[in-house]
Structures are given as structure tokens and as C-alpha cells.
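Take a look at the structure set out below.
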Amino acid sequence: MMEQWLPLFFVSVMGLALLVYIILDGYDLGIGLLLPLADDTQKDQMIAAIGPFWDANETWIVLGVGVLLIAFPRAHGIILTELYLPVTIMLIGLVLRGVSFDFRVKAHSDYKGLWNRLFFIGSLLAATSQGWMLGSYIMGLRANGITYVFAFFIALALPALYIMLGCGWLFIKAEGDLHARAIYWARQTVLPMGLGIFLISIATPIASAAIAAKWFSLPAAIGLLPIPVTTFMAFSSIYWALQHPAVLQGRNSWLVFAGLVTICLMSALGLAYSIYPDIIINRLTIEETASSAASLRFAFWGTAIAVPMIGVYTFYIYRIFGGKARALSYE
Amino acid sequence: MEFDPFSLARIQFAANISFHILFPTLTIGLCWILLYFRTRFTLSGDRDWEYAYYFWVKIFALTFAIGVVSGITMSFQFGTNWPGFMERAGNIAGPLLGYEVLTAFFLEASFLGIMLFGKERVSNGVHLLACSLVTLGTTFSAFWILSLNSWMQTPTGYTVENGVLMVGDWWEIIFNPSFPYRFSHMLVASLLTSGFFVAGVSAWRARRDVDGPATWKVINTGVLLAAFFAPVQIFLGDLHGLNTLAYQPAKIAAMEGVWETERGAALTLFGFPDETTRETRYAVKIPQLASLILTHDLQGEIKGLDEFEGEHPPVAMVFWSFRVMVGVGLLMLVVSWWGAALIFFHKQHQPLFLRALSVMTFSGWVAVLAGWYTTEIGRQPWLVYGLLKAKDVVADHPTAMLMTTLVAYLLLYAFLLWSYIYTLAYMATKPSQSLTALAQAHDDQVNTSQQEAS
């Protein structure tokens, strides 16, 4: 009777992969967005803080889309066709960002400035188009005015979250001047980000009647209360920590990052509840679009074994590169 | 030429995949070569191998990064350009691509960090292990993607329900009839490409005398690797051709320019196939040789294009791509054996040879692209051979949008290719940092002792 659970299993793996992507590549992209604000030494330190990780971080989106493809091929086709333009822009952004890591140190030093700029532009294209895609997806991929307005605002809000994640990561990895700069950047961003999350939470049920019906009915509303409450508490601790930067020196440097992870997790849970059992709101359910049982069974074993293994060696690699970032050298 | 959404989607995907394949082709082979340098250093303690490793790992990282990001582009384009493919063949294609992500992408991407930057943080053994895992990852990646590609060429192990392809037997799907040939042909192509790549760049360095003995060790490695694998590749290519004859006779007919079924078919060396008159103009032929090569019998029958009216690929493109691939392959054989002979007699410093190696630096790219064009254009109009046509699964995007994104992609790829080669040329003129540091330390020591003496 495993078969009935397979679509649910895969939709969970997909959600998890995309959540992990947003957190991990989120800090990479956030640092990319902050790059133009830093001086040359700080730029190198910022890249050194993400250099060993970015490639694996980026792979999570491939896993997310891969699972969508394996388990829900019809939804994969619809979603990617409808999001053709933002997907293309995101891909061009990810290409520019990814190659700039290497070119900026390997090309002649005359071009380092150019590659730093491309690093920023790539991160910006990727972050905003991801926000746009998230927005249109929440609105059920409808092509109408309200969808575009909503998508536009998330295209602004998601980069703010990424910048916060980038700062959160720098608190852990950076020292001295850069650490202080990161606190300054985070203080500028934290309120816009909070406002963004708040507005999106309000706007989502207003824009989508289907989602409103799920949230504002008793007893569901009471059961769901921990989601906004936890989000608010996480946000408050981030805000508090930024006002008391001494806390972020030393052993508690992970505090802001952990708070942001909590916010991401709560948002993901809220979104999952809003959408389930659909995979595209009001258009397609998980059951309707699931692959054949034979395909899901075959993919299940690989996923069930490989994903925990990936978790283990990712943990191991983060341990190896733990502590403050050092200058990256190939030799 | 008229640009309808179908041909634009096609050009876009072709541009993408052509750009992408250049980089994994290098990294798959380069990874094994790096592992070899790394192991030689660990076993012998000879610092030259370490310099060789450090110089090439930087180029590897750059190449790998471009391969990764262009590969991500491709994984999305399956959905954005060919949604019908995933709807109809997703039950089979999905899990194969999924296994590539799960077993290969994470492995290589994760351990790459240690391979590149972890030297001071882990022991020599762990570093060597990380290099091995990255190598394994790149090879696994080739395994899965070639399994899927081969299945699309020679589909087995499936059933059809309401027009959707369903899984019959995974073993038959993964190890489909053309897979062993295509996989080994591609791996060896990758080794040849990277062999000529490292030898070519190093010959350039040797002519400018950068890095001393390490450069010569790399030249020897690249040349001997190519000298060994060039004949192996010709043998594998022949087997692959026989397999294609059995499963995709229309492709063979186009490759050989055989218009009508005949016994004792001649091998056309050169000529200009013309589909309107259905003949090959100015053909230079060797009697009966095509039958001999393909059927191993002078009077063997070769099916002609007339048997696949309306369902055979564009002849001239397949015919010419095939000849370019074979031509470059034979050139690689000649140059690598010449090099092997020179190495044997310790004469590899010959300027003419070094110049030839430099010219051949990217020869593998030409052969690989020509080979892929032969096999991919050669299966047209089919996407999944005999089951699914490309035009039935294309996405319905407006022409203007496809044109815009196509131009954007082409500009991006041209820019990246130019930057890659330009940066490579720049890197090739610099000695590796550790060598510079060593020379500096040596000079300082000499200076100090001179000062002490005076």
C-alpha cells in the first residue's frame, strides 16, 4: 500500500529541496547582491565565505525541479512553460553568477571589476526572477493583473530575504570590518524584509479566495496559529540581536541565520498548507499529475537512500569548512 | 529560412546543448588526469606532479563551473521547450535524470569544495578521496545522461498506454542496445579531448618555457593517453556503427550517403549530397568498402534512404558531420602516434611537434560536436526513435519571445566562450603560484647567503 504514499513522499522531497535551496543559495545570492557595497578586500572575503559551498547549494534547485519532473511530469511541463520568461532570466543570472566565481580570480586583474559586476548582476537577475516565479506560482500561474502586481512585490521581497540570509551567513563566517558592515547592511534590510513577509501573508488570502477559505475557518485557524506566532518570535529575536551586535560576536554568531531559517521553514509550512492537495492551485492536484507507480517506486529507493547520504556528506563538508572563512587559495 | 516556433525551440536547445557538451567533455577526462597527477605525487613525492596538479585544477574549476551552470540551463529547458516530451516519456526520462542528480551532481558539487580549497583543512588521504569522489561523480553523470540519450535512440523495455510511455523493465531501459557503445565512445572521446587539451596548452607553455619539467610531464601524459585511446576509439566507433546499422539504418544511410538499397555498396569519401535530386554530386568512392566496413562482407546489403521516404534525417548535415568527426579522429591518431614515437626517442622538444600540439588543443571539441551532430541530427525526425517526433512535443511559445531569448543565449554563450579561451591563454602564460613562491624562496636564500658571505 506504499503506492498511495509515493506522490506525497515526492512532493515533500520536492518542497524540502526547494526550501533548502532558498536557504543555502539564498545566502550565496544575498552576498552577491551585497557585493557592490563592499570594498575590494571585503569582496574577496565575502566570496571566500561562500566559495566552497555555492556549487552544492545550487544543486538543490536542480533536485527540486528534478523531483517535479520525476514525480509530476505534467505539472513540470505546465509550470515551466508558463514561467518560460522568468526561468530564462533566472538561468542567465545563475550562469553569470556561477562563472564569475572563477573568472574574477583567474582572468587578468584588469577584468576583475567587470566580473565582480557580473557576479552582482547575475545574483540580482536570479533573485528577482525567483521572487517573480514564487509570486506567480502562489497565484496559480494565472495571467492577470493581480498576479503580476503580487509577483512584482515578491520579486522585491525575496531579494530582501536573501540579503538577510547573506548577512546572517557573514556573521558566522566574517570577522572585523566585514562583520561590522554586515550588521549595518542587515539593520537596513530587516524592516523591509519583515514588512514584505507581513504584506505577503496578508495579501495571499486576499488575492486567492481558495487560500483564504483554508486559513480562516475554525478549528483550522487555531491549529495554524503556531506558524505566525513562531515567525513573529523569530523575527523579533533577529531584530533584537541586530540592536545588540555584541551578541553576534563569538559563539552566538549563528543566531540571526537560525532565526531566518525558522522564518523560511514557517513560510514553507504555511505555503504547503495553502496549496495541498493541489500542485498548481485550483488547476491540478498532486494525485492527478503523479507519474506511474513503476516510475515512482524506482525513484523512491534512490531518493530514500541518496537524500540522507547527501545530508550526511553536506554536513561533513560544512564541518570541514567550519569557523571563520580563510582566503581561498587553489594551492 | 523561416523561423517558426518549432525550429526556434530546436535551435535554442541545440545551441544550449552544443555549448554545454564542450565543458563536461573536458572535465570528465580532466578529472581522471588530475587524479593521476595527484596519485603520482602521493606515491613518488615528486613536486613536478604537484605543480601539474595545481595548475590544471584551476583550469578544471573554471571549466567545471561553466559546465555546471550550462547544465542547469538544460535541465530546465526540457520543461520550457519540450513539455510534451516529459508528459509522454516522463515516466522513463524523469527517474533517469533524477538518478543523475542524486548520485552524480551532489557528489561532484559537494566534494569539489574540498578538492579545490580544502588542501589545508584535510589530510592528504581525505583530499585524494575527495578528488576520487569528484571523478566518480562526473563519470556517473555521464552514465545516466548517456543511458537516457541511448534509450531515446534505441528504446527498449517500455509499454504504451494511451499514448504515454510506461516502464516495462528498468534493466532493459538503462542498458538499452546502444548504451554500452555510446557510453564507452563518449568516455573515450572525453579522455582524448582532455589529453589533447592538456598537451596542447602545455606545448604552448613549453614553447615559452613556463614551469619547467612539470610541463613536460603533462605533455607526455596527454600525448601517451591520446596515443593509447585513439585506436581504441576507432575500434569502439566501428562497433557503435554496426549497432546503429542494426537499430537505426536510416541514420547509417544518411551518414554514408546511400540513396538506394544496394549490395556491395561503395564508400563515399567525399561529395555533396543533394536531397532534391537524390544523388551525391562529385562523389569520390571506393567500391564495396561501405559494405565491408558495415557488414564485414564485400557483398553485404546496405539499406538506402529510399526505404525511409519522409522519415529520414537531413542527409548533407549528417554526411558531413560524420566526415568531420572521422577526419579529426584520424588526425588525432597521427599526431599522438608521432608524439609517442618522439617521446620514445626523447625528441619531444621538436618545435614543429609542439606547434602541432598547440594547434590541436581544441581538436577534441570539434570531433565531439561533429559526432553528436551525426547521432542527434541522424535520428531526426524522431525524438524517441520510432515512437515520438520532436514536432509533436514542442512548447507553444510566441515566435518573438523565442527569438529574444535565443539571441540572449547566443550572446551569452559567445561571450563566455571568448572569455574562457582568453582567460585560458592568460593562465597559460603564468607559472603556477607555488612554483613562483618556491623560486622566490630560493632567490631569497641565495641573496641571504650572498649577503652573509660578503
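Taken in order, these protein sequences are the chains called W and R.
Straight run, no breaks: the first sequence in our numbering ends on number 513.
Straight run, no breaks: the second sequence in our numbering ends on number 1262.
In this text, a Cβ means the ideal position worked out from N, Cα and C, and glycines have one as well.
#1: Work out the CA separation of G1194 (chain R) and L830 (chain R) for me, nearest whole Å.
#2: Output the distance between the C-alpha atoms of V942 (chain R) and T847 (chain R), rounded to the nearest integer angstrom.
#3: Residues of the stretch 1183–1210 of chain R in Cβ contact with chain W at a cutoff of 7 Å, in chain order, please.
#4: Cutting at 8 Å between CB atoms, please list the residues of its own chain near S435 (chain W), excluding the five before and the five after it.
#5: Closer than 8 Å, CB to CB, is I232 (chain W) near chain R or not?
#6: Please confirm whether N899 (chain R) has its beta-carbon closer than 8 Å to some beta-carbon of chain W.
#7: Mark D1155 (chain R) as exposed unless 16 or more other C-beta atoms lie within 10 angstroms of its C-beta, in which case mark it buried.
#8: Determine the extent of the beta strand (DSSP E) in which D1082 (chain R) is found, giving its start and end residues.
#9: V996 (chain R): which of R:G965, R:D977, R:W1226 and R:A1035 sits nearest, CA to CA?
#10: Go through the stretch 1158–1199 of chain R residue by residue and report every complete run of the beta strand (DSSP E) that reaches 3 residues or more, in order.
#11: Anything in the stretch 467–497 of chain W with a Cβ closer than 8 Å to a Cβ of chain R? List those residues in chain order, please.
#12: Residue range of the beta strand (DSSP E) that K225 (chain W) falls in?
#13: Would you say L217 (chain W) and N298 (chain W) are within 8 Å of each other, going by their C-beta atoms?
#14: Contact check, S958 (chain R) vs F1005 (chain R) under 8 Å by CB: the rounded distance?
#15: Quick one: what does DSSP say E928 (chain R) is sitting in, helix, strand or coil?
#16: If the cut is a Cβ gap below 7 Å, which residues of chain A does A423 (chain W) touch?
#17: Report the residues of the stretch 939–966 of chain R with a CB closer than 8 Å to any CB of chain W, ordered along the chain.
#18: Going by beta carbon distance, what residues of the same chain come within less than 6 Å of F1037 (chain R), once the five residues before and after it are set aside?
#19: Got a sec: is the Cβ-Cβ distance from V876 (chain R) to anything in chain W below 8 Å?
#20: Specify the secondary structure class of L273 (chain W) as computed by DSSP and reduced to three states.
#21: Relative to the C-alpha of S305 (chain W), which residue among W:D292, W:A238 and W:P341 is closest?
#22: Since R1089 (chain R) sits in a beta bridge, which residues does DSSP pair it with?
#23: Take Y916 (chain R) as the anchor and find which of R:L905, R:S949, R:G906 and R:L904 has the nearest alpha-carbon.
#24: What did DSSP end up calling T467 (chain W) once you bin it into helix, strand or coil?
#25: Could you spell out where the alpha helix (DSSP H) holding V429 (chain W) opens and where it closes?
#26: If you measure between the beta carbons of L1218 (chain R) and A823 (chain R), is that distance less than 8 Å?
#27: Along the chain, where does the beta strand (DSSP E) containing V1123 (chain R) start, and where does it finish?
#28: What does R929 (chain R) touch in chain W if you count any residue whose Cβ is under 8 Å from its own?
#29: By the 10 Å Cβ neighbour count, where 16 or more other Cβ atoms means buried, how is S955 (chain R) classified, buried or exposed?
#30: Mind checking which residues open and close the alpha helix (DSSP H) that includes D1284 (chain R)?
#31: At what residues does the alpha helix (DSSP H) containing V1031 (chain R) begin and finish?
#32: Taking DSSP as the reference, what is the three-state secondary structure of E969 (chain R)?
#33: Shortest alpha-carbon distance to A1236 (chain R) belongs to which of R:T871, R:F919, R:A1014 and R:L838?
#34: Is it buried or exposed for E240 (chain W), if we count other Cβ within 10 angstroms and need 16 for buried?
#35: Taking Cβ positions only, does E895 (chain R) come closer than 8 Å to chain W?
#36: For the stretch 305–332 of chain W, which residues have a CB atom closer than 9 Å to at least one CB atom of chain R, in sequence order?
This is what the structure holds:
#1: In the second sequence, residue 830 (chain R) corresponds to position 22, counting from 1. In the second sequence, residue 1194 (chain R) corresponds to position 386, counting from 1. So the two alpha carbons sit approximately 29 Å from each other.
#2: One-based indexing of the second sequence puts residue 942 (chain R) at position 134. One-based indexing of the second sequence puts residue 847 (chain R) at position 39. V942 (chain R) and T847 (chain R): Cα-Cα distance of roughly 14 Å.
#3: A1203, H1205 and M1209
#4: Taking the first residue of the first sequence as position 1, residue 435 (chain W) is located at position 253. Result list for S435 (chain W): F353 and I354, in chain order.
#5: Here the question's residue 232 (chain W) lines up with position 50 in the first sequence. With 8 Å as the cut-off, I232 (chain W) does not count as an interface residue toward chain R.
#6: The residue given as residue 899 (chain R) occupies position 91 in the second sequence. So, interface residue.
#7: Within the second sequence, residue 1155 (chain R) is the residue found at index 347, counting from 1. A quick correction: the sequence has Lys, not Asp, at residue 1155 (chain R). The residue is exposed, with fewer than 16 neighbouring Cβ atoms inside 10 Å.
#8: Walking along the second sequence from the start, residue 1082 (chain R) turns up at place 274. Residues L1075 to D1082.
#9: Residue numbering aside, residue 996 (chain R) sits at position 188 when the second sequence is read from its first letter. Residue R:A1035 is the option with its Cα nearest to V996 (chain R).
#10: 1190–1192
#11: S473, S474, A476, S477, F480, A481, G484, T485, A488, V489, I492, Y495 and T496
#12: Mapped onto the first sequence, residue 225 (chain W) falls at position 43. No beta strand (DSSP E) holds K225 (chain W); the alpha helix (DSSP H) holding it covers D222 to I232.
#13: Here residue 217 (chain W) refers to the residue found at position 35 of the first sequence. Here residue 298 (chain W) refers to the residue found at position 116 of the first sequence. Yes, the pair counts as a contact, with Cβ atoms nearer than the cut-off.
#14: Here residue 958 (chain R) refers to the residue found at position 150 of the second sequence. Here residue 1005 (chain R) refers to the residue found at position 197 of the second sequence. Not confirmed; about 26 Å, so no contact.
#15: Sequence index remark: in the second sequence, residue 928 (chain R) carries index 120 (1-based). DSSP places E928 (chain R) in coil when its eight states are reduced to three.
#16: Within the model displayed, chain A is absent; protein chains W and R are what it includes.
#17: none
#18: Locating residue 1037 (chain R) in the second sequence gives position 229, where the first residue counts as 1. These residues qualify, in order along the chain: V996, L999 and L1000.
#19: Looking up residue 876 (chain R) in the second sequence gives position 68. Yes, because at least one Cβ of chain W sits closer than 8 Å to the Cβ of V876 (chain R).
#20: Taking the first residue of the first sequence as position 1, residue 273 (chain W) is located at position 91. L273 (chain W): helix per DSSP, three-state reduction.
#21: Counted from its first residue, the first sequence places residue 305 (chain W) at position 123. Nearest of W:D292, W:A238 and W:P341 to S305 (chain W), Cα basis: W:P341.
#22: Taking the first residue of the second sequence as 1, we reach residue 1089 (chain R) at position 281. In the DSSP output, where bridge partners are listed per residue, R1089 (chain R) has R:F1080.
#23: Translated into the one-based positions of the second sequence, residue 916 (chain R) becomes position 108. According to the sequence displayed, residue 916 (chain R) carries Glu and not Tyr. The option with the nearest alpha carbon to E916 (chain R) is R:S949.
#24: Here residue 467 (chain W) is taken as the residue at index 285 of the first sequence, counted from 1. In the structure shown, T467 (chain W) sits in a strand (DSSP, three-state: E or B).
#25: Counting from 1 along the first sequence, the entry for residue 429 (chain W) is found at position 247. No alpha helix (DSSP H) holds V429 (chain W); DSSP gives it neither H nor E.
#26: The residue you call residue 1218 (chain R) lines up with position 410 of the second sequence. The residue you call residue 823 (chain R) lines up with position 15 of the second sequence. Yes, these two residues count as a Cβ contact at 8 Å.
#27: Residue numbering aside, residue 1123 (chain R) sits at position 315 when the second sequence is read from its first letter. Note, V1123 (chain R): premise wrong, no beta strand (DSSP E); alpha helix (DSSP H) at V1123 to F1152.
#28: As a first step, residue 929 (chain R) is located in the second sequence; it is residue number 121 there, counting from the start. Those within 8 Å of R929 (chain R) in chain W are I502 and F503.
#29: Numbered from 1 along the second sequence, position 147 holds the residue referred to as residue 955 (chain R). Buried.
#30: This structure cannot settle anything about residue 1284 (chain R), because the visible part of chain R is limited to 809 through 1262.
#31: Within the second sequence, the letter at position 223 stands for residue 1031 (chain R). Element bounds for V1031 (chain R): P1021 to Y1055.
#32: Position 161 of the second sequence, counted from the first residue, corresponds to residue 969 (chain R). If DSSP states are grouped into helix, strand and coil, E969 (chain R) belongs with the strands.
#33: Mapped onto the second sequence, residue 1236 (chain R) falls at position 428. For A1236 (chain R), the nearest C-alpha among the options comes from R:A1014.
#34: For this step, residue 240 (chain W) is matched to residue 58 along the first sequence. E240 (chain W) comes out buried.
#35: As a position in the second sequence, residue 895 (chain R) is number 87, starting the count at 1. Taking Cβ atoms only, chain W reaches closer than 8 Å to E895 (chain R), which makes this a yes.
#36: none
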